[in-house]
Structures are given as structure tokens and as C-alpha cells.
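Colleague: Those protein sequences? They're chains G and D, same order as listed. Count along the first sequence from 1, add 2, and you get the number used in our numbering. Count along the second sequence from 1, add 38, and you get the number used in our numbering.
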Amino acid sequence: MPGWFSADLVIQVSYFVTAVLFIMGLKRMSSPVTARSGILWAGAGMAVATLVTFLYPGMSNYALILPAMLIGGVAAAWSGRRVAMTNMPQMIALYNGMGGGAAAAIAAVELYRGGTEGLASTTLAVAGGIIGAVSFSGSLIAFAKLQGLITRSVRFSGQQMLNLALLAAALVLGGLVIAHANATAAVVTGFFVLALILGVSMTLPIGGADMPVVISLYNALTGLAVAFEGFVLNNAAMIIAGTVVGSAGTLLTQLMAKAMNRSLGNVLFSGFGDTGGAATGTVSGSLKPIEASDVGVMLAFAHKVIVVPGYGMAVAQAQHKIWELCQLLIDRGVQVRFAIHPVAGRMPGHMNVLLAEAGVPYDLISDLDEINAEFETADAALIIGANDVVNPVARTDKSSPIYGMPILNADKAKNVIVIKRGQGAGFSGIENALFYLDNTRMLYGDAQKVAAELIQAVKAVG
Amino acid sequence: MTGIVALYIFMLAAFTGYEVISRVPVILHTPLMSGSNFIHGIVLVGAMVALGSAQTPLEKTIGFIGVLLAAGNAVGGYVVTERMLEMFKASGARARAGADRRSA
Chain G
3 MPGWFSADLV
13 IQVSYFVTAV
23 LFIMGLKRMS
33 SPVTARSGIL
43 WAGAGMAVAT
53 LVTFLYPGMS
63 NYALILPAML
73 IGGVAAAWSG
83 RRVAMTNMPQ
93 MIALYNGMGG
103 GAAAAIAAVE
113 LYRGGTEGLA
123 STTLAVAGGI
133 IGAVSFSGSL
143 IAFAKLQGLI
153 TRSVRFSGQQ
163 MLNLALLAAA
173 LVLGGLVIAH
183 ANATAAVVTG
193 FFVLALILGV
203 SMTLPIGGAD
213 MPVVISLYNA
223 LTGLAVAFEG
233 FVLNNAAMII
243 AGTVVGSAGT
253 LLTQLMAKAM
263 NRSLGNVLFS
273 GFGDTGGAAT
283 GTVSGSLKPI
293 EASDVGVMLA
303 FAHKVIVVPG
313 YGMAVAQAQH
323 KIWELCQLLI
333 DRGVQVRFAI
343 HPVAGRMPGH
353 MNVLLAEAGV
363 PYDLISDLDE
373 INAEFETADA
383 ALIIGANDVV
393 NPVARTDKSS
403 PIYGMPILNA
413 DKAKNVIVIK
423 RGQGAGFSGI
433 ENALFYLDNT
443 RMLYGDAQKV
453 AAELIQAVKA
463 VG
Chain D
39 MTGIVALYIF
49 MLAAFTGYEV
59 ISRVPVILHT
69 PLMSGSNFIH
79 GIVLVGAMVA
89 LGSAQTPLEK
99 TIGFIGVLLA
109 AGNAVGGYVV
119 TERMLEMFKA
129 SGARARAGAD
139 RRSA
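See the structure below:
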């Protein structure tokens with residue numbers, strides 16, 4: 003073997019390849035055409051990095067490393083395979099929290115051992131430790147909330163002060179650890195306990211509607227924590243991958259908050275989901291019901307139909323039937339499009355995943371900016387389980403809590419058909435003026451059953 | 039790696055992450071978040087090194103938890119991202135797939 007060849011060289015070159023694969027994979031994941039291959043590239047990078055790490059000089063404890071990898075990996079693979087697409091947001095939160103916890107664990111091992119060399123290294127270990135621990139416990143709370151394990155948003159006066167005090171106390175203990183390279187174990191323990199409590203107390207007051215933004219933020223934070231621990235361990239793959247995720251995640255968090263018409267500060271420091279008081283706006287007119295058979299005829303002879311799905315459709319598991327209906331219409335020569343509001347699912351892009359699961363091709367799906375001009379030329383807008391996102395008061399009524407939120411202009415269509423379980427206000431408790439318009443008809447019933455009736459009705463047209 | 043070189047890497051990687059996803063459409067927000075979540079699963083290699091050099095029972099316990107969590111992050115992140123992206127298909131591709139099924 004030539005003299006320049008060593009295990010270290012193999013590791014360094016492999017980590018370099020991994021970094022390239024990660025960045026190219028992420029790039030490919032940002033377009034629907036190449037997204038599938040993106041995750042395969044990134045996965046290959048991960049496999050390479052993990053395998054060469056076994057060559058690390060001076061590694062021991064294989065009897066612990068292998069079982070830990072096996073238990074964690076198998077449990078995650080099992081849960082990831084069987085989770086329903088509707089529950090995807092909380093699963094992402096859970097896996098993200100695990101990453102944050104792992105970064106904090108690396109920091110803990112290094113700090114308890116006093117193994118960090120130099121001021122910069124110790125500082126970064128402490129910084130990565132607190133960020134990772136907050137991301138860990140915060141993500142677990144986010145998971146519990148979306149999973150329905152925690153149903154209340156705990157809020158009390160002075161909560162922000164308490165969080166600030168917790169942060170300050172954790173930083174003081176972190177400072178002590180940095181100042182004395184061989185700080186006592188008790189100080190290190192106190193530091194991590196405070197950081198974990200901070201993550202819990204920061205996340206508890208945040209309402210379910212804002213949770214996607216928070217999960218995305220914790221995702222970015224975990225990336226940053228991983229990068230910091232990468233500095234401590236002198237590991238270039240961790241530095242690059244962690245930093246890339248940290249900055250990409252920050253941008254993604256901003257994009258999500260913007261799509262939901264919320265600012266990050268708003269999400270973190272004010273309670274939404276409370277939806278400021280009762281809606282006062284009165285709506286004039288009456289709800290005009292319609293039969294499925296009439297709607298079937300209307301759709302069958304339309305030129306252009308725009309479907310507006312909401313989370314109610316996913317809850318009723320109606321997306322497969324709706325797509326079956328749309329395929330019938332497409333075969334008849336009707337132009338069918340799906341219009342997705344950014345908050346249609348439980349996080350931006352979630353509804354697209356649910357439609358994709360039902361088999362809807364992504365080129366039939368348009369987001370708000372693309373589709374809004376097209377409602378005027380549509381013969382029918384079919385609203386299924388969506389409510390606030392098509393409420394025209396968001397454009398007109400300054401007193402409404404949803405005033406200013408961008409909405410889908412379904413009211414501009416020639417006919418509006420609203421499929422709804424029954425009468426009643428939406429998620430936010432606001433009356434929907436759209437339902438009372440002259441060109442709106444209400445089709446009551448369970449979305450899945452109604453879709454089946456519509457399929458029969460369209461087939462009956464022949 | 040000297041501190042200043044590490045700082046350069048940090049700066050360049052941060053710009054790279056920002057640029058790479060700056061034009062992502064809303065329809066991919068959920069899978070992309072999941073995909074970036076998978077990528078920070080690289081923390082697994084750090085956790086392996088930390089446990090690999092752990093000596094006291096305390097270090098070994100924390101290191102064990104770290105590797106377990108990191109493996110969960112990497113594997114779980116991959117599985118759910120792959121499941122989501124696998125479903126994204128264009129009309130053309132679907133029509134071809136349908137034709138293949140019918141002719142088979």
C-alpha cells in the first residue's frame with residue numbers, strides 16, 4: 003500500500019463525496035421532476051458516510067454502537083413505513099427532534115469528559131448542546147400536540163418572562179462550563195436540564211395551526227446544532243450538511259410563514275388558534291341546497307372545473323373518489339384543475355402530498371398565484387372541505403380575524419358548489435360569505451359519499 | 039482544520055443552502071422539509087464517533103442514546119421523504135404507466 007494511503011484519507015474523501023451528494027440531492031429535491039432522485043442521491047451520501055465512519059481510528063464500543071443503530075433504525079423504518087400521509091407533519095417533527103437530541107448527546111459526552119480543546123471548541127459544544135436540546139424537547143411537544151396527545155395550549159401571563167429567565171439561566175450555566183474547561187458534572191447536568199425545559203415551555207403555548215412553522219424552525223435549529231458539533235468533532239461532513247440544512251431550513255421557515263400570512267415573531271410570541279373573539283360580521287342571504295344529480299350534469303357539461311380541496315376532504319378520505327370523478331370529467335373533455343391554498347393541509351405542501359397519494363398528477367395542481375386569475379373563466383368551482391381559504395370577507399371585511407389573508411377567488415367562478423358535512427362555521431369559527439352568494443349551491447353530506455354520488459351522476463349523463 | 043478555514047466552510051455552506059432551495063415551489067415544501075430533516079441525520083456519524091470514544095458508564099449511556107436517536111433521524115427521515123416523493127408524478131408519466139399496466 004502506498005505511503006499516502008490511509009484510513010483517514012478514505013474517510014475524508016468519502017465525507018467530501020457525501021457533502022456533494024447531499025447538496026446535489028437537496029437541489030434535485032426542489033423541483034417536482036427530479037425530486038424522487040434527490041432523496042436517493044442524499045441517501046447514497048448518508049450510506050457512504052456511515053460506512054466509512056467505522057474506519058475511524060481509535061473507535062471502540064462496537065458492541066454498543068451496532069445495537070443502538072439497529073434499534074433506532076428499525077424502529078424508525080417501521081414507524082415511517084406505516085404512518086398515514088395525513089400524520090406526516092408530526093412524524094417529521096419526531097424524527098427532527100431525534101436529530102436534535104443526538105446533537106445534544108454528542109455535546110454532553112464531550113462536556114462531561116472535558117474532551118473539548120480550546121475556547122472556541124467548548125463554546126461551540128455548549129451552543130450546539132443548548133440548541134439541540136431545545137430542538138429535541140420542543141419537537142417532542144410539537145409531535146404530541148399534532149398527534150392529539152396534548153390538546154390544550156398552555157398560556158399564562160408572564161410566560162415570555164419565564165422563558166427568558168430559563169434561557170438566561172441556561173446561558174449562565176453554559177458560560178460556567180466554558181469558563182472552566184473542567185466544570186463539575188453537576189453544572190453540565192443543570193445546563194442540559196434547563197435547555198430541555200426551555201424547549202418544552204417555548205413550544206407549549208403555540209397553537210396547532212402555527213405548528214408547521216415551528217417544526218420547520220426546529221429543523222433549521224437542529225441543522226445548526228449538528229454543524230456546531232461538527233466543529234467540535236472536526237467533522238467536515240457534519241459542518242457542511244448541518245449548515246446547509248440550517249440555512250435552507252431558515253429560508254423554508256420564512257417561506258412557510260409567508261404562505262400562511264404569519265410572521266415568525268408572531269408565531270413564537272403570540273397565541274394564534276385563539277382567533278381573537280367571536281366573529282361579528284353578519285352575512286345576508288340564504289344557503290341554497292342542491293342535489294348531487296344536478297351537480298353531476300353541471301360538471302359533465304362544463305368546459306372548465308376547478309377543485310378546491312381542504313383538510314376536510316382528507317379527513318373524510320375522499321381524495322381517491324374525487325380523483326375518480328375528475329378522471330371521468332377529463333375523459334369527457336372537461337378541463338380540470340386543482341387549486342391549493344398554502345394552508346390547505348396541515349402544513350404548506352401537505353395537501354399536495356395527500357393528492358399525490360390519491361394519484362393526482364402534480365401538473366394538474368396549481369397554487370394560489372397561478373390559479374387565481376383562472377376562476378373567472380371556470381364554469382364551476384368545486385369546494386370540498388375547505389372553508390376559510392375561500393372566504394371573500396378576507397378581502398373586504400377589516401374587522402374579520404382573517405382579513406388580509408390571501409384567498410382563492412372561488413367566488414369569481416360562474417357556479418360555486420360547496421360540499422360540506424353540514425351547516426356551521428369553519429375551523430376559525432368565522433361565517434363564510436361565499437356560501438351565501440347567488441351563484442353558490444350547497445351540497446350537504448360526507449365528502450366521500452357525495453363524491454360517489456357525483457360519479458354515478460356523471461356516468462348517468464352518458 | 040483551523041478556525042478561520044472552518045468559518046469559511048460555514049459561510050459558503052450557508053449560502054449554498056440558501057441558494058439551492060431559493061426557488062422551491064409551495065407544492066414541495068413538506069417533502070423538502072422532510073428531506074432536509076433527513077440530511078441533518080448525518081449527526082449519526084458524530085454520535086458514532088462520540089460513543090466510539092466514550093469511556094465512563096455515563097458517557098457510554100449518553101452516547102448510546104445519541105446513536106439511537108441519530109439512527110432514528112436518518113432512517114425515519116429517509117423513509118418518509120422517499121414515500122412522499124415517490125408519489126409525485128406528472129400526467130405524462132402516469133398515462134404511460136397506465137398504458138404499461140393495460141398492455142401487460
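Ideal placement from N, C-alpha and C gives every residue a C-beta, glycine not left out.
By the three-class DSSP mapping on this structure, what secondary structure does residue 374 of chain G have?
Modeller: For the purposes of this step, residue 374 of chain G is identified with residue 372 of the first sequence, where counting begins at 1. In this structure, residue 374 of chain G counts as helix in the three-state DSSP scheme.
Colleague: Mind checking the stretch 397-427 of chain G against chain D and listing, in chain order, the residues whose C-beta falls within less than 8 angstroms of any C-beta there?
Modeller: Flagged: no residues at all.
Colleague: Please state whether DSSP places residue 18 of chain G in a helix, a strand or coil.
Modeller: Numbered from its first residue, the first sequence carries residue 18 of chain G at position 16. Correct three-state label for residue 18 of chain G: helix.
Colleague: Identify the contact partners of residue 352 of chain G in chain D, using a Cβ-Cβ distance below 9 angstroms as the criterion.
Modeller: Working through the first sequence from its first residue, we reach residue 352 of chain G at position 350. In chain order: 67 and 68.
Colleague: Indicate whether the contact test is met: 3 or more Cβ pairs, each with one atom in the stretch 95-107 of chain D and one in the stretch 72-87 of chain D, closer than 8 angstroms.
Modeller: A contact exists between the stretch 95-107 of chain D and the stretch 72-87 of chain D.
Colleague: According to DSSP, is residue 319 of chain G helix, strand or coil?
Modeller: For this step, residue 319 of chain G is matched to residue 317 along the first sequence. It is coil, neither helix nor strand.
Colleague: Quick test of your reading: residue 95 of chain G and residue 138 of chain G, contact by CB under 8 angstroms. State the CB separation rounded to the nearest angstrom.
Modeller: One-based indexing of the first sequence puts residue 95 of chain G at position 93. One-based indexing of the first sequence puts residue 138 of chain G at position 136. Their Cβ separation, rounded to whole angstroms, is 11 angstroms, which puts residue 95 of chain G and residue 138 of chain G out of contact at 8 angstroms.
Colleague: At a Cβ cut of 7 angstroms, what residues of the stretch 196-227 of chain G count as close to chain D, listed as they run along the chain?
Modeller: Flagged, chain order: 218, 221, 224 and 225.
Colleague: If you draw a straight line from the C-alpha of residue 80 of chain D to the C-alpha of residue 176 of chain G, how long is it?
Modeller: By 1-based counting over the second sequence, the position of residue 80 of chain D is 42. By 1-based counting over the first sequence, the position of residue 176 of chain G is 174. Rounded to the nearest angstrom, the two C-alpha atoms are 25 angstroms apart.
Colleague: By how many angstroms is the C-alpha of residue 75 of chain G removed from the C-alpha of residue 136 of chain D?
Modeller: As a first step, residue 136 of chain D is located in the second sequence; it is residue number 98 there, counting from the start. As a first step, residue 75 of chain G is located in the first sequence; it is residue number 73 there, counting from the start. Residue confidence is low: residue 136 of chain D scores 45 on pLDDT, short of 50, so the model does not pin down where it sits. No coordinate-derived value is stated.
Colleague: Which residues of the stretch 39-60 of chain D have a Cβ closer than 8 angstroms to any Cβ of chain G? Give them in chain order.
Modeller: Listed by position, the residues of the stretch 39-60 of chain D near chain G (Cβ gap below 8 angstroms) are 39, 41, 44, 47, 48, 51, 52, 53, 54, 55, 56, 58, 59 and 60.
Colleague: Using a beta-carbon distance below 8 angstroms, is residue 85 of chain G in contact with chain D?
Modeller: As a first step, residue 85 of chain G must be located in the first sequence, where it is residue number 83. True, the Cβ-Cβ gap to chain D drops below 8 angstroms.
Colleague: Classify residue 139 of chain D as helix, strand or coil using the three-state DSSP reduction.
Modeller: Counting from 1 along the second sequence, the entry for residue 139 of chain D is found at position 101. For residue 139 of chain D, the predicted structure reports a pLDDT of 43, less than 50, and the residue's modelled location is therefore unreliable. The matter cannot be settled from this model.
Colleague: Within 8 angstroms (strictly less), CB to CB, does residue 95 of chain D reach chain G?
Modeller: Reading the second sequence from its first residue, position 57 is the one you call residue 95 of chain D. Chain G, which has no Cβ nearer than 8 angstroms to the Cβ of residue 95 of chain D, makes this no.
Colleague: Give me the chain D residues within the contact set of residue 233 of chain G, using Cβ-Cβ distance strictly less than 7 angstroms, ordered along the chain.
Modeller: Translated into positions along the first sequence, residue 233 of chain G becomes position 231. Under the 7 angstroms cutoff, chain D gives 44.
Colleague: What number of angstroms, rounded off, separates the C-alpha of residue 217 of chain G from the C-alpha of residue 141 of chain G?
Modeller: For the purposes of this step, residue 217 of chain G is identified with residue 215 of the first sequence, where counting begins at 1. For the purposes of this step, residue 141 of chain G is identified with residue 139 of the first sequence, where counting begins at 1. Cα to Cα, residue 217 of chain G sits roughly 7 angstroms from residue 141 of chain G.
Colleague: Helix, strand or coil for residue 156 of chain G, going by three-state DSSP, please let me know.
Modeller: Here residue 156 of chain G refers to the residue found at position 154 when the first sequence is read from its first residue. Residue state, collapsed to three classes: coil.
Colleague: Comparing the C-beta of residue 131 of chain G with each C-beta of chain D, is any distance below 8 angstroms?
Modeller: Here residue 131 of chain G refers to the residue found at position 129 of the first sequence. Not closer than 8 angstroms to any Cβ of chain D, the Cβ of residue 131 of chain G fails to qualify, so no.
Colleague: Who pairs with residue 98 of chain D in a beta bridge, going by DSSP?
Modeller: The sequence position of residue 98 of chain D within the second sequence is 60, counting from 1. Looking at the DSSP assignment, residue 98 of chain D forms no beta bridge with any residue, so it has no partner.
Colleague: Under a Cβ-count criterion, where at least 16 other Cβ atoms within 10 Å of its own Cβ denotes burial, should residue 78 of chain D be classed as buried or exposed?
Modeller: Indexing the second sequence from 1 puts residue 78 of chain D at position 40. Label assigned to residue 78 of chain D: buried.
Colleague: Can you grab the Cα-Cα spacing for the pair residue 89 of chain D / residue 110 of chain D, in whole Å?
Modeller: On the second sequence, residue 89 of chain D is found 51 positions in, with the first residue counted as 1. On the second sequence, residue 110 of chain D is found 72 positions in, with the first residue counted as 1. So the two alpha carbons sit approximately 16 angstroms from each other.
Colleague: Residues in the same chain with beta-carbon distance under 8 angstroms from residue 456 of chain G, minus the five sequence neighbours each way, listed in chain order, please.
Modeller: Translated into positions along the first sequence, residue 456 of chain G becomes position 454. Closer than 8 angstroms at the Cβ level, and outside the excluded window around residue 456 of chain G, lie 294, 297, 298, 301 and 327.
Colleague: Alpha carbon to alpha carbon, how far is residue 75 of chain D from residue 221 of chain G?
Modeller: By one-based count along the second sequence, residue 75 of chain D stands at place 37. By one-based count along the first sequence, residue 221 of chain G stands at place 219. Looking at the two C-alpha atoms, the distance is approximately 6 angstroms.
Colleague: Are residue 436 of chain G and residue 412 of chain G close, meaning C-beta to C-beta below 8 angstroms?
Modeller: Against the first sequence, residue 436 of chain G aligns to sequence position 434. Against the first sequence, residue 412 of chain G aligns to sequence position 410. Yes; because the gap between Cβ atoms is below 8 angstroms, this pair is in contact.
Colleague: Check the C-beta distance from residue 311 of chain G over to residue 127 of chain D and give it rounded, since I have them as a contact under 8 angstroms.
Modeller: Residue 311 of chain G sits at position 309 when you count from the first residue of the first sequence. Residue 127 of chain D sits at position 89 when you count from the first residue of the second sequence. The pair is not a contact, with the Cβ atoms about 18 angstroms apart (cut-off 8 angstroms).
Colleague: State the start and end residues of the unbroken alpha helix (DSSP H) segment that holds residue 296 of chain G.
Modeller: In the first sequence, counting from the first residue as 1, residue 296 of chain G sits at position 294. It spans 294-302 - the alpha helix (DSSP H) in which residue 296 of chain G sits, taken as one unbroken run.
Colleague: Assign residue 200 of chain G to one of three DSSP states: helix, strand, or coil.
Modeller: Mapped onto the first sequence, residue 200 of chain G falls at position 198. Helix at residue 200 of chain G.
Colleague: Going by DSSP, which residues form a beta bridge with residue 446 of chain G?
Modeller: In the first sequence, the residue the question calls residue 446 of chain G occupies position 444. Partner(s): G:422.
Colleague: My output table needs one value for residue 367 of chain G: the three-state DSSP class, helix, strand or coil.
Modeller: Counting from one through the first sequence, the residue named residue 367 of chain G turns up at place 365. It is a strand residue.
Colleague: How many Å lie between residue 40 of chain G and residue 373 of chain G at the Cα?
Modeller: As a working mapping, residue 40 of chain G is identified with position 38 in the first sequence. As a working mapping, residue 373 of chain G is identified with position 371 in the first sequence. Their Cα atoms are separated by approximately 28 angstroms.
Colleague: In the DSSP assignment, what are the bridge partners of residue 308 of chain G?
Modeller: As a first step, residue 308 of chain G is located in the first sequence; it is residue number 306 there, counting from the start. Answer is G:339 and G:383, bridged to residue 308 of chain G.
Colleague: Throw me the rounded Cβ distance for the residue 110 of chain G and residue 194 of chain G pair, which I believe falls under 8 angstroms.
Modeller: Working through the first sequence from its first residue, we reach residue 110 of chain G at position 108. Working through the first sequence from its first residue, we reach residue 194 of chain G at position 192. Confirmed, about 6 angstroms.
Colleague: For residue 417 of chain G, which three-state DSSP category applies?
Modeller: If you number the first sequence from 1, residue 417 of chain G lands on position 415. In the structure shown, residue 417 of chain G sits in a strand (DSSP, three-state: E or B).
Colleague: If the cut is a Cβ gap below 8 angstroms, which residues of chain D does residue 364 of chain G touch?
Modeller: The count along the first sequence starts at 1 and reaches residue 364 of chain G at position 362. In chain order: 65, 126, 127 and 128.
Colleague: To which residues of the same chain is residue 88 of chain G closer than 6 angstroms at the C-beta, ignoring the five residues directly before and after it?
Modeller: As a position in the first sequence, residue 88 of chain G is number 86, starting the count at 1. Once the five neighbours on either side are set aside, the close Cβ partners of residue 88 of chain G are 316.
Colleague: Taking only beta-carbon positions, decide if residue 71 of chain G is within less than 8 angstroms of chain D.
Modeller: Locating residue 71 of chain G in the first sequence gives position 69, where the first residue counts as 1. Yes, residue 71 of chain G lies at the interface with chain D (some Cβ there is under 8 angstroms from its Cβ).
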